Every structure is written in C-alpha cells, then in structure tokens.
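A.B. asks: Pasting in a structure now, in structure tokens, and then I'll have a few things to ask.
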Amino acid sequence: MTKRLILLFCFYCTAYYCNAQNKIDPKTIAGKMQWFQDAKLGIFIHAGIYSVNGIDESLSFHNKKISYADYMKQISGFTLKKYDPAFWADLIKESGARYAVITTKHHDGVAMYDTKMDNLSIVKASPAKSDMIKPFFEELRKRDIKCGAYFSLIDWSYPDYPGFLKDSSRYDAQNDYTRWNKFRTFFQGQIKEIGDKFNPDLWWFDGDWEHSAEEWEAEKVRHIILSKNPSAIINGRLQGYGDYTTPEQNFPVTRPPYNWWELCMTVNDNWGYQQHDQNWKTPYEIISIFADAVSNGGNLLLDIGPKQDGTIPEEEINVLKELGAWNKRNGEAVFNTIAGIPQGHFYGPTTLSKDSTTLYLFVHGKTTGPLMLKGLDNKIEDITVLGNGTKLTHKIVGKISWSPVPGLVYINLPEGVQDKYITVLKLKLDKPVKLYRGQGGL
Numbered sequence: 000m001t002k003r004l005i006l007l008f009c010f011y012c013t014a015y016y017c018n019a020q021n022k023i024d025p026k027t028i029a030g031k032m033q034w035f036q037d038a039k040l041g042i043f044i045h046a047g048i049y050s051v052n053g054i055d056e057s058l059s060f061h062n063k064k065i066s067y068a069d070y071m072k073q074i075s076g077f078t079l080k081k082y083d084p085a086f087w088a089d090l091i092k093e094s095g096a097r098y099a100v101i102t103t104k105h106h107d108g109v110a111m112y113d114t115k116m117d118n119l120s121i122v123k124a125s126p127a128k129s130d131m132i133k134p135f136f137e138e139l140r141k142r143d144i145k146c147g148a149y150f151s152l153i154d155w156s157y158p159d160y161p162g163f164l165k166d167s168s169r170y171d172a173q174n175d176y177t178r179w180n181k182f183r184t185f186f187q188g189q190i191k192e193i194g195d196k197f198n199p200d201l202w203w204f205d206g207d208w209e210h211s212a213e214e215w216e217a218e219k220v221r222h223i224i225l226s227k228n229p230s231a232i233i234n235g236r237l238q239g240y241g242d243y244t245t246p247e248q249n250f251p252v253t254r255p256p257y258n259w260w261e262l263c264m265t266v267n268d269n270w271g272y273q274q275h276d277q278n279w280k281t282p283y284e285i286i287s288i289f290a291d292a293v294s295n296g297g298n299l300l301l302d303i304g305p306k307q308d309g310t311i312p313e314e315e316i317n318v319l320k321e322l323g324a325w326n327k328r329n330g331e332a333v334f335n336t337i338a339g340i341p342q343g344h345f346y347g348p349t350t351l352s353k354d355s356t357t358l359y360l361f362v363h364g365k366t367t368g369p370l371m372l373k374g375l376d377n378k379i380e381d382i383t384v385l386g387n388g389t390k391l392t393h394k395i396v397g398k399i400s401w402s403p404v405p406g407l408v409y410i411n412l413p414e415g416v417q418d419k420y421i422t423v424l425k426l427k428l429d430k431p432v433k434l435y436r437g438q439g440g441l
C-alpha cells in the first residue's frame, strides 16, 4: 500500500506539472519569458480582509473554521490607514526582487481595487475606501519592477459561482449552463477590468482545480489577456494554458520538467497576516532556499502578509533587507545567470554565466578548508570570493597524464572570508564549462 501511495503521489505531481503549460508551445513564448528567467526573485503579497482577525485567507469559512457571515464582518476592520505603497516598493527594490505579485481578488471575492462588476470591494465596502493596486503598481514601475496581479478564478462569495463550502455547493455547473455562464461573464469581466486598469506584466491565477479548462474557457481567458498585452506572462494555474509552473511551499527535490518555473513560499507558515504565526524563517533559511531555486534554473516568489492597516511585520522587513544585502554582495551569481552544473559535481548549489565560462559555487554556513569539485574538464583561470574579492588557490588531484578523465579540484577556502549566510566563489574558466560524466578509468 505504501509503495502504491508513493507511485500515485509521483503520478499526481507529474500530471500537475505537465498540465501547467501543456497547451502552449515553449518556442512560441521564449522571447517574452526572458525577463522572467533573468529575474530570479519576486515578492508575493497576500493583502486582504483576512488580516483583520488573522485567519486563513478564504479557506477559513470554506473549511467551516468560521461562519461565512463572521468572516465577511472583517471587511469593516480593513482600514489601510498606514498603507504606504512607496515604502512597499522601496523595500521590494532593496530585496533585489525584479517583480512583485499582489492579490487583486482572493477566493473570498473581495476585490482590492474598484471593480465595476459588483459591489464587493475594499473601495465600496471597507473603511479603506481606496484602490490599493493602482498606487502600488505606479510605485513599482517608477523603480523598474515588473507588476504581477494575483487573481482567483474561484469566487465563493458570488451567488452564481457553484462552489461555496467544502462539503456543499450551490449547484452543478454542468446542469445549469445559464447560471454558470453568468459567472463566467462576471469573472472574465473582472479580468478585462484589471487588464485595462493596471496592464499587469504577469498574471498569477489560482483556484483552477475546481473546474476544467473548457468550463473556465481557459483558452479564451488567455486570449483576453494577450489581446490587451501580448507580452504578459501567465502562471501555470490555468488548466494547461499557462507559461510556467509554480510549485508551492515545498521545494522540489529535482527541477520541475519545464523551461521556466517558480517556487512560491511564505516567510512564516501562512500567506496572509496571522499574529499567532511566529514561525518565521530566518534570513539564512530564505537565502539557502533561494540559492537552491536559482541553481535549478528557477525563481523564488517570496510571500509577505501585510496587516489590515497596511504595515508589514518587522520580521518580514528584516528578511527582505537581509536578503537584499546578500544579493548586493552576491547578485552577480544570481541575476541573469542560468542553471548550474548537475548535482554530484559539487556539494552545493551552483550557477553559470550565460556564456557558461564562469561557474559560481555556493558554500553554506561557515565552511572552511578544501572544497572538492569533480569532473571539471576545464582550466581554472581565476577564483575569487564574491563580496570581498579575495583570491583563492586550488589544487588538481588524481589527474593521470595519459587519461582523458579530469582530476579532482580542491579549492582552499580560508577562515575570515566567509559571507555571514552563504559564500559564493567565482571560478573563471578558460572556455565554456565542460564536464566529465563517465564512470572513471579508460
């Protein structure tokens, strides 16, 4: 039974990843995906009325942890009285992120902008009385940061959406075309609104699991977006009509089978602000996760959850500042790079320059002494420590003159040159990296 469950889980994961963009030929989108591939880091922002009581965003009433009526009462406490979009944008810029994604509407149906499709928005129904998306995007664009819009396909508040509570629904979409089509007109209307108002560079859909591509009219949704902005990027949660895949929270052990991918992850254990959740990831933990994602050719979309008044918890501010300081020291090895060498050649993350003539090695913790690099069939011209420029020496061990098999490289990393989180070594090679992948011997 255990083996069967493992196989089923593996099948599910493979099917989920393969569904992310199986309707889209990667060759047709390669041009527009370049900035995303180079960006490496984005900041995710879950802002919503769930921050008032600090409860699960939308799922708390869906899973019957709280009544729907009590959940919706939170809208009267959503003030944004200390919201400072310029500060948010400055912090994101300082982190080193090249793009940011913010909730325009979660599953609860509360729009964070002035929607004309219904009256359920923070502009019409909360004391905030203002659109929080427009000023934020304006500040991001002043700083040359790409703008992303999270949008929930699910809307558990809309009376003509079938789903509501986990164990019950309003009706079966297959048996009531008129009602379902009314909802499709509504949610697609909101997508058009967001496109017209904000023209996002990236769309981050969520909730596609409740209906098929045909029911969502996913191909039509993609057309609506791209007819407005042909360069817009769409995440993989559109039932096969997205551009990249998005594993959530748990780091994939092996790289997802895609040209482009992004790990979305929280700084603590929840997406939105919850006062009781103090299980903050440390700057080192975030940076190590980030390095692993980049090493595998992906991005990190790091989530923060602001409070109802628009302030950001100090713990999240600290993580973003420390991540930014590390990026300033080591950004050469992160941004505009490509995935590193295969696992087994070096016991840590690696990246390569786009021409593959520079290899970057990421060294965790306070490691000192000789570091081993296996199977490198290149001459190393120079080794330096990023951030301080210290020159390092290396030694070749086990190279036999008559054998084509390269020897082992041992790099001496002395004390006193380490980064406080992860040290990055820059190896300048004589030519594009060449690796021996054989079994040894002749």
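Going by numbering that gives the first Met the number 0, the sequence shown opens with residue 0, and the numbers climb by one from there.
Note that the Cβ used here is the ideal one computed from N, Cα and C, for glycine as well.
Source: prediction; values computed, not measured.
Quick one: residues in its chain with C-beta nearer than 7 angstroms to the C-beta of C9, no 5 flanking neighbours on either side, listed in chain order?
C.D. replies: Its pLDDT being 43, under 50, C9 is placed unreliably by the model, and the measurement read from it follows with that caveat. Closer than 7 angstroms at Cβ, skipping near neighbours: no residue.
A.B. asks: Do T336 and V293 have their C-beta atoms closer together than 8 angstroms?
C.D. replies: yes
A.B. asks: Could you have a look at P348 and say whether DSSP puts it in helix, strand or coil?
C.D. replies: coil
A.B. asks: What residue from K398, G95 and A46 has the CA that sits closest to D308's CA?
C.D. replies: A46
A.B. asks: When you compare only the Cα positions, how much space is there between P80 and Y49?
C.D. replies: The displayed chain sequence assigns Lys, not Pro, to residue 80. Rounded to whole angstroms, K80 to Y49 spans 16 angstroms at the Cα level.
A.B. asks: Note down, in chain order, each residue of its chain lying with its Cβ closer than 6 angstroms to the Cβ of P431, except the 5 sequence neighbours on either side.
C.D. replies: Cβ within range, chain order: S355 and T356.
A.B. asks: Terminal residues of the continuous beta strand (DSSP E) containing L412?
C.D. replies: Looking at the DSSP string, the run of the beta strand (DSSP E) that includes L412 is L407 to L412.
A.B. asks: State buried or exposed for Y170, treating a residue as buried only when at least 16 other CB atoms are found within 10 Å of its CB.
C.D. replies: exposed
A.B. asks: To the nearest angstrom, how far is it from the Cα of K425 to the Cα of D107?
C.D. replies: Roughly 48 angstroms between the two C-alpha positions.
A.B. asks: Please work out which residues of its chain come closer than 6 angstroms, Cβ to Cβ, to V423, disregarding the five sequence neighbours upstream and downstream, and give them in chain order.
C.D. replies: N329, A332, Y359, F361 and L385
A.B. asks: Measure the CB-CB distance between A99 and L139 and report whether it falls below 8 angstroms.
C.D. replies: yes
A.B. asks: Check whether the Cβ atoms of W259 and N267 lie closer than 8 angstroms to each other.
C.D. replies: no
A.B. asks: Short check: CB of M371 to CB of V416, under 8 angstroms?
C.D. replies: no
A.B. asks: On the DSSP letters alone, give me the boundaries of the alpha helix (DSSP H) that T184 sits inside.
C.D. replies: In the DSSP assignment, T184 falls within the alpha helix (DSSP H) that extends over Y176 to F197.
A.B. asks: Excluding the 5 residues preceding and the 5 following P84 in the sequence, name in chain order all residues of the same chain whose CB lies nearer than 6 angstroms to its CB.
C.D. replies: P134, F135 and E138
A.B. asks: Is it buried or exposed, Y176, if we count other Cβ atoms within 10 angstroms and call 16 or more buried?
C.D. replies: exposed
A.B. asks: Have a look at P251, P305, W401 and L322 and flag the residue whose alpha-carbon is nearest the alpha-carbon of N52.
C.D. replies: P305
A.B. asks: Just checking my contact of A338 with N295 at CB under 8 angstroms: how many whole Å lie between their CB atoms?
C.D. replies: 6 angstroms
A.B. asks: For C12, I'd like the list of residues in its chain whose CB is within less than 7 angstroms of its CB, leaving aside the five on either flank, ordered along the chain.
C.D. replies: Model confidence at C12 stands at a pLDDT of 44, short of 50, so the residue's coordinates are unreliable; what they give is reported in the following sentence. Correct list: empty, nothing qualifies.
A.B. asks: Taking buried to mean at least 16 other C-beta atoms within 10 Å of its own C-beta, is K128 buried or exposed?
C.D. replies: exposed
A.B. asks: On the three-state DSSP scale, how would you describe E284?
C.D. replies: Assignment of E284 by DSSP, reduced to helix, strand and coil, places it in the helix class.
A.B. asks: Whose C-alpha, out of F60, P413, D376 and K419, is nearest the C-alpha of D429?
C.D. replies: That would be D376, whose Cα lies nearest to the Cα of D429.
A.B. asks: Assuming L301 and I285 make a contact with CB atoms under 8 angstroms, what is their CB distance in whole Å?
C.D. replies: Sure, about 7 angstroms apart at Cβ, within 8 angstroms.
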